Amino acid sequence: MKTHLFLCTGPTCSQQGAEETLQSLQAVLGDRNLHTKVRVTLCRCLGQCGNGPNMVVYPEGVWYGHAEKEKIGQIVQEHLVGGTPISALVLTPVD
Ligand code: FES
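Note that the numbering used here has the sequence shown beginning at 171, numbered continuously upward.
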């Protein structure tokens with residue numbers, strides 16, 4: 171397993187489209203045959219409510235905010251496959 175991605179499906183992120191993001195993520199990973207390389211774990215709150223859908227990509231520890239379904243293809247291609255996080259979408263988490 172190369173990448174472990176945590177996607178928040180907590181109440182606020184769900185209101186902001188996390189379920190649609192999850193569906194897009196599963197579809198894109200399936201299309202690219204990446205299910206054996208990318209583990210997706212759902213979590214209930216990443217403490218960054220209001221910027222959702224939020225997700226974190228490990229081992230890099232890169233956070234993405236506003237990760238709507240339309241952005242998933244780009245995140246998978248450029249970051250998970252290409253290895254370069256998308257700086258314009260990166261979220262700096264606040265305490
Ligand atoms: S519900 Fe997603 S960060 Fe809180």
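Backbone N, C-alpha and C define an ideal beta-carbon position, used for all residues, glycine too. Just so we're clear, the structure is a prediction, and the values are computed from it rather than from any experiment.
If we define contact as Cβ-Cβ less than 9 Å, is Thr254 a contact residue for chain C? The question asks about chain C, but that chain is absent: this structure has only one protein chain.
Is there contact between the segment 211-218 and the segment 241-253, where contact requires at least three CB pairs shorter than 8 Å? no
Grouping DSSP H, G and I as helix and E and B as strand, with all else coil, what is Cys183? helix
Which value, in whole angstroms, describes the spacing of the CA atoms of His174 and Leu192? 14 Å
Just reading off the beta strand (DSSP E) that Leu216 is part of, what are its end residues? No beta strand (DSSP E) holds Leu216; DSSP gives it neither H nor E.
Between His236 and Cys213, what straight-line distance do the alpha-carbon atoms span, to the nearest angstrom? 16 Å
When you measure from the CB of Gly231 to every non-hydrogen atom of ligand 1, does any distance come out below 8 Å? no
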